[in-house]
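Enquirer: Numbering-wise (numbering that gives the first Met the number 0), the sequence shown opens with residue 0 and increments by one.
What follows is a single structure, and I will ask about it in a moment.
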Amino acid sequence: MTQDAPVLVVGAGPVGQTAALLLARWGLPVVVLDGRPERDVIGSKAICQQRDVLDVWDAVGVGAEVARRGVTWTTARTFHRDAELFSFRFTDRGRSAFPPFVNISQCETERLLDERIAAEPLIDVRWGHRVTDIAQDDAGVTIACATADGGVQVRGSHAVACPGPRGDVRALLGLAFDGETFCDSFLICDIRTDLPGWQTERRFYFDPAWNPGRQVLIHPCPDSTFRIDWQVPPEFDLAAEEASGGLDRRIRQVIGDRPYEIVWRSVYRFHSRVVDRMRVGRVLVGGDAAHLVSPFGARGLNSGVLDAENAAWKIAFVRRGWAPEALLDSYHDERHAAALENIEVTGATMRFLVPGTEADAHRRRDVLERAATDPEARAQVDSGRLAEPFWYVDSPLTTPDPSRPFPGRPARGDVPVPAPGVLVPDCPVTVPGRPDVVRLRQLAREGVTVLVGDDAVLPAPVGLPAGSRREPASGWGQGGPLLPVSVHRIRDLDPTPVLRGALGARPDEVWVLRPDAHVAAVLTDPTAVTAAVARLLARPVPDPVPA
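Here's what the structure looks like:
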C-alpha cells in the first residue's frame with residue numbers, strides 16, 4: 000500500500016467527521032463513505048457536548064465555534080416530586096478554554112464539522128455509498144459499495160467504521176452485539192418557549208406530579224429551545240397522544256400557560272449493548288456501531304468522539320512508521336474498556352430509573368423518600384452520571400507509578416487527580432517561538448510531549464535543550480522515520496505555579512504525554528523516559544540506560 004493511500008471512514012456522522020478531520024490533521028488522505036444520499040438534518044438528536052470533546056474538536060478548528068453557538072450550562076439539579084434533592088457544579092483542575100457542557104443540536108454540530116471538512120483538501124466525502132462488503136489483506140482494506148450508478152470498490156490502508164447503530168457493518172465484520180433493551184419508552188420533544196432562569200441548568204425530576212412514577216429530564220438548548228424527555232410506558236402511542244390533546248397537556252404541566260412551539264418530537268427505546276471486538280484487522284469500529292447506551296449521562300456521542308481521536312492518532316502513527324501495527328491492538332484495549340464502563344454506569348442509571356422487580360422499585364421509593372433529609376440516601380440517587388473521559392490506567396501503553404495510584408471515579412462533577420492514564424488538565428502555556436500554541440493540550444496533541452521538572456535531568460537522546468523537535472522513531476537514535484517529540488521544562492512553559500499546581504508535579508519528575516493528551520508516565524528516574532515512550536508506542540521496551 001502506497002503512502003498516498005487513503006484511510007477509509009465509514010459513516011459521516013459526528014464520529015466519522017471527527018475521525019476524518021483528525022486523520023487529515025496528521026497529513027493522511029481520507030475517503031468518507033455514507034449510504035445516505037445527503038445530510039439528514041431532522042431533529043436535534045445528541046445535544047450535550049462535554050468539555051473534553053469540545054477540546055478534541057478545537058484541535059481541528061471547530062470546538063470554539065460549537066461552544067460559541069451552543070448554550071453553556073454549569074449546574075445539574077435533581078428533584079424528587081417538587082423538592083430539590085441536590086445540585087452540583089463541575090470542577091476544572093486546570094484552566095480549560097471550554098465550559099463543562101454545551102448544549103447544541105447535533106445537526107448544527109454536523110454542519111460546522113461539514114464546513115471544516117469542505118475546506119480540507121485531504122478529505123473526500125462520498126454520499127450515496129452504502130457498504131455491502133469489507134475485504135482485507137496484508138496491504139489494506141477494500142470496501143464494496145452500492146451506489147446509484149452501480150457497485151464500486153474503494154481501497155484504503157485502514158478503515159474507521161462508525162456508521163451508527165444499524166448492524167450492516169457489524170454483520171460484515173462478524174461482530175457480536177450483546178446487551179439488553181429497556182422496556183420503557185422515552186418521549187423526546189424540543190420545545191421553543193421562554194423559561195426564565197432555566198437557561199443554564201440541567202433539571203432532572205423523579206416522580207413529578209405531572210409524570211407520576213416516572214421521570215422527566217429538561218435541558219436548555221439554543222434559540223430559547225428546551226429538550227424535554229419523559230419516561231413513558233412501553234405501550235405509549237405518540238400519534239394518539241397528539242390527537243387527544245394529551246401531548247399539549249403534558250407540555251403545559253412542565254412549562255405552564257405560556258406560548259410554545261414544538262420543534263421536533265420522537266419516541267425512543269434505549270439499548271445497552273457493546274461489540275465483542277473494536278479492532279478487526281485493519282478496521283477499527285467506533286461510536287454507536289460499537290456501543291449503545293442510554294442518554295442519561297450524555298455518554299453516547301461524547302464517547303464516540305473519543306473513539307475517533309484514539310483511532311486517528313494510532314492509525315496515523317502506524318502509517319507514518321512511528322509505531323508498529325501492534326499499536327492498533329491498544330485501540331480495542333482502551334476503547335472497549337471505556338465502552339464497558341459506560342455500559343456499567345448507564346446500566347445502573349437505567350435500573351434505578353426503570354426498576355426491573357418490585358423489590359428494586361421498593362428500594363428506589365425508599366431511597367428517594369429518605370434523600371430529602373439523609374445525605375447517605377442522597378448519594379444513592381442515580382439521575383445519570385454525566386460524561387467524562389475514560390482513564391487509561393490499565394492500558395498496555397501506560398507506565399504505572401506506584402506513588403500515584405488511581406483512586407477510582409471521582410465524585411459527581413469532579414475530575415481525577417493527574418496520574419498515569421488520566422487526561423492531563425488543560426492550562427495556559429507559553430512556548431517560545433510558538434504564538435499559536437497557548438494551551439497545554441494544544442502542545443500535547445502535536446505528538447509525544449515530555450515535561451521536565453526543575454531538578455530532573457534527561458539523558459541523550461531526549462536531553463535538553465528543550466523545545467519542539469523530532470527524534471528517530473526506532474530506538475530514539477537508531478534511524479527510521481522521525482517521531483514528533485516535544486521536550487520542555489515545566490518552568491519555561493509556565494513560570495507561575497499554575498501548571499505545576501494543576502499537575503501536582505514535583506521538581507524531580509518527568510511527565511510523558513500521549514498524542515491524545517493523556518498521561519503516559521510520571522517518572523522520577525529520567526533514564527526510564529525512553530522505555531516509557533517505547534511502551535506508549537507499543538514498541539519493545541529497551542533496557543534502562545545507565546545514569
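For each residue, glycine too, the CB sits at the ideal point set by N, CA and C.
In this text the structure is predicted, and so the values were computed from the model without any measurement.
Residue range of the beta strand (DSSP E) that residue 185 falls in?
Expert: Here residue 185 is taken as the residue at index 186 of the sequence shown, counted from 1. Residue 185 -> beta strand (DSSP E) spans 176-191.
Enquirer: Under 6 angstroms Cβ to Cβ from residue 467, same chain only, skipping five residues before and after it: list those, please.
Expert: Locating residue 467 in the sequence shown gives position 468, where the first residue counts as 1. In this predicted model, residue 467 has a pLDDT of only 48, less than 50, meaning its place in the structure is not dependable enough to derive any value.
Enquirer: Between the stretch 136-152 and the stretch 228-242, do at least 3 Cβ pairs fall closer than 8 angstroms?
Expert: The stretch 136-152 vs the stretch 228-242: no contact.
Enquirer: Between residue 334 and residue 493, what straight-line distance do the alpha-carbon atoms span, to the nearest angstrom?
Expert: Position 335 of the sequence shown, counted from the start, is the residue given in the question as residue 334. Position 494 of the sequence shown, counted from the start, is the residue given in the question as residue 493. Approximately 32 angstroms, taken between the alpha carbons.
Enquirer: Taking contact to mean 3 or more Cβ pairs, one atom from each stretch, closer than 8 angstroms, check whether the stretch 17-30 and the stretch 49-62 are in contact.
Expert: The answer is yes - the stretch 49-62 touches the stretch 17-30, with three or more Cβ pairs under 8 angstroms.
Enquirer: Under 6 angstroms Cβ to Cβ from residue 175, same chain only, skipping five residues before and after it: list those, please.
Expert: By 1-based counting over the sequence shown, the position of residue 175 is 176. These residues qualify, in order along the chain: 275.
Enquirer: Throw me the rounded Cβ distance for the residue 181 and residue 88 pair, which I believe falls under 8 angstroms.
Expert: On the sequence shown, residue 181 is found 182 positions in, with the first residue counted as 1. On the sequence shown, residue 88 is found 89 positions in, with the first residue counted as 1. That belief does not hold up - the Cβ atoms of residue 181 and residue 88 are roughly 30 angstroms apart, past 8 angstroms.
Enquirer: In whole angstroms, give me the CA-to-CA distance for residue 266 and residue 249.
Expert: Your numbering for residue 266 matches position 267 in the sequence shown. Your numbering for residue 249 matches position 250 in the sequence shown. Approximately 14 angstroms, taken between the alpha carbons.
Enquirer: List the whole-angstrom C-beta distance separating residue 14 from residue 247, where the pair is believed to meet the contact cut-off of C-beta under 8 angstroms.
Expert: The residue you call residue 14 lines up with position 15 of the sequence shown. The residue you call residue 247 lines up with position 248 of the sequence shown. That pair is no contact at about 36 angstroms.
Enquirer: Can you look up residue 2 in the DSSP assignment and give me helix, strand or coil?
Expert: For the purposes of this step, residue 2 is taken as the residue at position 3 of the sequence shown. Reduced to three states, the DSSP call for residue 2 is coil.
Enquirer: Express the C-alpha separation of residue 318 and residue 7 in angstroms, rounding to a whole number.
Expert: Here residue 7 refers to the residue found at position 8 when the sequence shown is read from its first residue. Here residue 318 refers to the residue found at position 319 when the sequence shown is read from its first residue. Near 13 angstroms, if we compare the C-alpha coordinates of residue 318 and residue 7.
Enquirer: Using a Cβ-Cβ cut-off of 6 angstroms (strictly less than) and excluding sequence neighbours within five positions of residue 125, which residues of its own chain qualify?
Expert: Counted from its first residue, the sequence shown places residue 125 at position 126. Contacts found: 32.
Enquirer: With residue 101 and residue 65 assumed to form a contact (beta carbons below 8 angstroms), what rounded beta-carbon distance in angstroms separates them?
Expert: The residue given as residue 101 occupies position 102 in the sequence shown. The residue given as residue 65 occupies position 66 in the sequence shown. Contact flag correct, Cβ pair sits at about 6 angstroms.
Enquirer: Could you tell me which of 453, 349, 374 and 288 sits nearest to residue 160, measuring between CA atoms?
Expert: Mapped onto the sequence shown, residue 160 falls at position 161. If we check each option's Cα against that of residue 160, 288 comes out closest.
Enquirer: Taking the alpha-carbon positions, what's the residue 377 to residue 215 distance?
Expert: Sequence index remark: in the sequence shown, residue 377 carries index 378 (1-based). Sequence index remark: in the sequence shown, residue 215 carries index 216 (1-based). Going by the C-alpha atoms only, they are around 18 angstroms apart.
Enquirer: Using C-beta distances below 7 angstroms, list every residue in its chain close to residue 194, excluding the 5 sequence neighbours before and after it, in chain order.
Expert: Along the sequence shown, read from residue 1 onward, the residue named residue 194 stands at position 195. The residues are 225 and 254.
Enquirer: Give me the Cα-Cα distance between residue 489 and residue 424, rounded to the nearest whole angstrom.
Expert: On the sequence shown, position 490 is the one that residue 489 refers to. On the sequence shown, position 425 is the one that residue 424 refers to. Rounded to whole angstroms, residue 489 to residue 424 spans 14 angstroms at the Cα level.
Enquirer: Any idea which residues DSSP pairs residue 77 with across the strands?
Expert: Within the sequence shown, residue 77 is the residue found at index 78, counting from 1. Bridge partners of residue 77: 85 and 203.
Enquirer: Going by DSSP, name the residue or residues bridged to residue 260.
Expert: The residue labelled residue 260 in the question sits at position 261 within the sequence shown. For residue 260, which the question treats as bridged, DSSP gives the partners 191.
Enquirer: Mind checking which residues open and close the alpha helix (DSSP H) that includes residue 374?
Expert: One-based indexing of the sequence shown puts residue 374 at position 375. 374-377 is the span of the alpha helix (DSSP H), which, as asked, contains residue 374.
Enquirer: Run through DSSP, which three-state label would residue 302 get?
Expert: Walking along the sequence shown from the start, residue 302 turns up at place 303. Note: residue 302 maps to helix in three-state DSSP.
Enquirer: Taking the C-alpha atoms as reference points, what is the distance between residue 354 and residue 48?
Expert: For the purposes of this step, residue 354 is taken as residue 355 along the sequence shown, with counting starting at 1. For the purposes of this step, residue 48 is taken as residue 49 along the sequence shown, with counting starting at 1. Cα-Cα distance, rounded: 28 angstroms.
Enquirer: Going by the beta-carbon positions, is the gap between residue 448 and residue 420 smaller than 7 angstroms?
Expert: Counted from its first residue, the sequence shown places residue 448 at position 449. Counted from its first residue, the sequence shown places residue 420 at position 421. The answer is no: Cβ separation not under 7 angstroms.
Enquirer: CB residue 239 to CB residue 536, shorter than 7 angstroms?
Expert: Your numbering for residue 239 matches position 240 in the sequence shown. Your numbering for residue 536 matches position 537 in the sequence shown. No, they are not a contact pair.
Enquirer: Looking at C-alpha atoms only, which residue of 188, 256, 284 and 200 is the closest neighbour of residue 158?
Expert: If you number the sequence shown from 1, residue 158 lands on position 159. Closest option to residue 158, Cα to Cα, is 284.
Enquirer: Check this for me: beta carbons of residue 52 and residue 219, under 7 angstroms apart or not?
Expert: Counting from one through the sequence shown, the residue named residue 52 turns up at place 53. Counting from one through the sequence shown, the residue named residue 219 turns up at place 220. No, these two residues do not count as a Cβ contact at 7 angstroms.
Enquirer: In chain order, what residues of the same chain have a beta carbon less than 7 angstroms from the beta carbon of residue 462, not counting five sequence neighbours either side?
Expert: If you number the sequence shown from 1, residue 462 lands on position 463. Confidence at residue 462 is low in this model, with a pLDDT of 44, below 50, so the placement of that residue should be treated as unreliable; the coordinate-derived value is given next. For residue 462, where only same-chain residues beyond five positions count, there are no Cβ hits under 7 angstroms.
Enquirer: Could you check the C-alpha separation between residue 556 and residue 72 for me, to the nearest Å?
Expert: In the structure displayed, the chain extends from 0 to 546; residue 556 sits before or after that span and is not available.
Enquirer: Roughly how many whole angstroms lie between the Cα atoms of residue 108 and residue 506?
Expert: Counted from its first residue, the sequence shown places residue 108 at position 109. Counted from its first residue, the sequence shown places residue 506 at position 507. Answer to the nearest angstrom: the Cα atoms are 42 angstroms apart.
Enquirer: Do you know offhand how far residue 156's Cα is from residue 12's?
Expert: Locating residue 156 in the sequence shown gives position 157, counting from the first residue. Locating residue 12 in the sequence shown gives position 13, counting from the first residue. Computed Cα separation, rounded: 21 angstroms.
Enquirer: Can you check whether the C-beta of residue 82 is within less than 7 angstroms of a C-beta belonging to chain B?
Expert: Looking for chain B here will not work: only one protein chain is present.
Enquirer: Are residue 187 and residue 222 close, meaning C-beta to C-beta below 7 angstroms?
Expert: Counted from its first residue, the sequence shown places residue 187 at position 188. Counted from its first residue, the sequence shown places residue 222 at position 223. The answer is no: Cβ separation not under 7 angstroms.
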